[in-house]
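Peer 1:
Chains as they are written, first to last, in the numbering used here: chain A, 228 to 316; chain B, 10 to 361.
1. DSSP state of residue 266 of chain B, grouped into three classes?
2. Listing by chain order, which chain A residues have their CB less than 9 Å from the CB of residue 335 of chain B?
3. Quick check on DSSP: helix, strand or coil for residue 53 of chain B?
4. So who's on the other strand from residue 195 of chain B, going by DSSP bridges?
5. So what's residue 76 of chain B in DSSP terms, helix, strand or just coil?
6. Verify whether the separation of the beta carbon atoms of residue 241 of chain A and residue 303 of chain B is less than 7 Å.
7. Indicate the three-state DSSP secondary structure (helix, strand or coil) for residue 120 of chain B in the structure shown.
8. Which chain A residues are close to residue 318 of chain B, counting only those with a beta carbon under 9 Å from its beta carbon?
9. Could you give the residue range of the alpha helix (DSSP H) that holds residue 246 of chain A?
10. Select from B:99, B:161, B:274, B:178 the residue whose C-alpha is nearest the C-alpha of residue 224 of chain B.
11. What did DSSP end up calling residue 260 of chain A once you bin it into helix, strand or coil?
12. Report the neighbours of residue 310 of chain A on chain B: residues whose CB is nearer than 7 Å to its CB, in chain order.
13. Which residues in the same chain as residue 234 of chain B place their Cβ atom closer than 6 Å to its Cβ, once the five residues preceding and following it in sequence are excluded?
14. Let's see if you can read the secondary structure: which residues bound the beta strand (DSSP E) around residue 162 of chain B?
15. Taking only the alpha-carbon atoms, compute the straight-line gap between residue 26 of chain B and residue 63 of chain B and give it to the nearest angstrom.
16. Quick one: does residue 289 of chain B have its CB under 7 Å from some CB of chain A?
17. Sorted by chain position, which residues of the same chain lie with C-beta nearer than 7 Å to residue 29 of chain B's C-beta, five sequence neighbours on each side aside?
18. Hey, is residue 244 of chain A's beta-carbon within less than 7 Å of any beta-carbon in chain B?
19. Find the residues of chain D that neighbour residue 280 of chain B, judging by a C-beta separation of less than 8 Å, and give them in chain order.
20. Please state the DSSP three-state secondary structure of residue 268 of chain A.
21. Could you compute how far the alpha carbon of residue 89 of chain B sits from the alpha carbon of residue 121 of chain B?
22. Could you check what DSSP says for residue 281 of chain B in three-state terms: helix, strand or coil?
23. Give the range of the beta strand (DSSP E) segment to which residue 200 of chain B is assigned.
24. Against residue 305 of chain A, what residues of chain B qualify as contacts under a CB-to-CB distance less than 7 Å, listed in chain order?
25. From this set, B:78, B:130, B:77, B:94, which residue's C-alpha is nearest residue 50 of chain B's C-alpha?
26. Leaving out the 5 sequence neighbours to the left and right, which residues in its chain are closer than 6 Å to residue 67 of chain B when beta-carbon positions are compared?
27. Kindly indicate if chain B contains any beta-carbon less than 7 Å away from that of residue 213 of chain A.
28. Which residue or residues does DSSP assign as beta-bridge partners of residue 109 of chain B?
29. Of all Cβ atoms in chain A, is any one closer than 7 Å to the Cβ of residue 178 of chain B?
30. Could you confirm whether any beta carbon from chain B is found closer than 7 Å to the beta carbon of residue 254 of chain A?
31. Whose Cβ in chain B lies nearer than 8 Å to the Cβ of residue 240 of chain A?
32. Mind pulling the chain B residues with CB within less than 9 Å of residue 248 of chain A?
33. Could you tell me if residue 314 of chain A is buried or exposed, where buried requires 16 or more neighbouring beta carbons within 10 angstroms of its beta carbon?
34. Which term fits residue 306 of chain A, buried or exposed, when burial requires 16 or more other beta carbons within 10 angstroms of its beta carbon?
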């Protein structure tokens with residue numbers, strides 16, 4: 228009863244905060260992105276035919292670098308938002 | 010005259026049939042019911058039971074040996090004339106480990122064999138493995154999802170080599186065609202082992218079997234398979250206390266626990282609907298601006314692979330494969346080395 232009430236209140240608060248986002252349109256990427264991905268895949272497939280270990284290493288490194296940079300970016304973004312809360316430096 | 014001859018012939022025929030009939034069904038007239046055929050006895054066999062199905066006063070011989078058909082030991086008793094089971098208490102118990110074969114025969118006063126039982130075999134062992142059984146949940150129980158298994162381990166009085174060592178207790182359970190397994194390590198000996206159940210069970214029938222492994226992961230005991238039903242609508246079960254009829258304090262304690270359990274459950278157990286409501290939040294916004302861009306970019310990046318259609322078709326390089334392999338591994342190693350240097354530099358200069 229008590230915990231359910233708290234959960235419903237929390238749900239309602241999150242629902243209200245995210246309501247403006249819900250009202251926005253769906254995001255869409257330019258079709259050139261998917262074309263680019265296909266082209267990149269073709270290059271990697273060619274490289275894989277000749278140098279399989281190199282292509283695997285290159286893919287893994289690209290994914291690792293991207294993941295690291297995205298993580299840093301998200302962390303900075305979240306901390307920036309937190310610092311906007313009154314009373315928090 | 011003819012009638013008299015016929016009567017004599019008929020009587021002779023009936024007597025002949027009566028004499029032949031028991032011999033034709035010898036195994037049905039006499040059977041060994043203990044030891045049980047194919048069983049293992051620890052640490053010895055000290056008795057036997059022979060079932061007699063034809064009334065009569067016989068000398069019954071209970072024989073055994075270590076080879077089939079060869080009975081080197083025996084014990085004799087005289088039956089009382091009725092049917093039923095006649096027990097033998099062996100003068101010298103059979104305590105040497107091995108396989109033994111048993112047979113019983115009944116004889117008349119002239120030591121002619123009347124009936125012969127079928128031969129059975131039983132094993133004698135000096136050691137018995139532990140046994141394992143699921144204590145919680147128990148067979149046939151209906152309960153909400155729970156957090157821990159309770160398994161009972163019982164060792165026998167006879168030495169089983171690894172009983173003092175380390176054991177692994179494992180419960181395998183199946184729900185809706187999905188099989189999962191939880192394990193815990195324990196030090197040998199009798200007692201209960203409680204360990205965490207990792208898999209969340211949904212409503213339905215679950216079957217579970219407990220296994221016990223020694224330190225070398227040889228299975229030493231398996232429980233019988235139990236079946237129980239998960240019903241998430243049920244409140245958590247308070248502990249059950251069995252009270253004597255006159256134990257008023259115990260009954261008050263039981264009532265208190267039951268009542269407090271029910272009140273606590275009503276107050277603090279969140280409903281399924283309140284928990285499920287959160288599941289709808291992320292799907293509603295994951296495609297919206299700006300989160301949708303992150304979702305789409307992540308999906309696009311996940312699509313990058315080296316298994317697509319090559320943009321260039323290269324003729325066969327099989328003649329150079331040995332050289333190319335060395336070059337390939339060398340380039341890959343250099344790339345990883347450069348990545349490591351870059352990573353160290355990136356972390357050293359990171360400003361958060």
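Where a beta carbon is used, it is the ideal one built from N, C-alpha and C, also for glycine. Being a predicted model, the structure only gives us computed values, none of them experimental.
Peer 2: The short version:
1. helix
2. Correct list: empty, because the minimum Cβ distance to chain A is about 10 Å.
3. coil
4. B:176
5. strand
6. no
7. coil
8. Counting only Cβ-Cβ distances below 9 Å, residue 318 of chain B has contacts in chain A at 265, 268, 269, 272, in chain order.
9. 246-250
10. B:178
11. It is helical.
12. Within chain B, no residue comes near residue 310 of chain A; the closest Cβ sits about 12 Å away, beyond 7 Å.
13. 216, 218
14. 157-163
15. Because the pLDDT of residue 26 of chain B is 43, which lies under 50, any placement of that residue in the model is unreliable, and the question is left without a value.
16. no
17. Only weak support is given to the placement of residue 29 of chain B: the predicted model assigns it a pLDDT of 43, under 50, and the value that follows is read from those uncertain coordinates. Excluding sequence neighbours, residue 29 of chain B sits near nothing in its chain.
18. Cβ-Cβ to chain B under 7 Å: no for residue 244 of chain A.
19. The question asks about chain D, but that chain is absent: this structure's protein chains are A and B.
20. helix
21. 18 Å
22. helix
23. 200-205
24. Neighbours of residue 305 of chain A in chain B, taken as residues at a C-beta separation under 7 Å, are lacking, since the least C-beta distance is about 11 Å.
25. B:130
26. 88, 115
27. Because chain A here runs from 228 to 316, residue 213 of chain A falls outside it and cannot be looked at.
28. DSSP lists B:131 as partners of residue 109 of chain B.
29. no
30. Yes, contact with chain B.
31. Here the premise fails: no neighbours, minimum Cβ distance about 11 Å.
32. 293, 294, 297, 298, 299, 300
33. exposed
34. exposed
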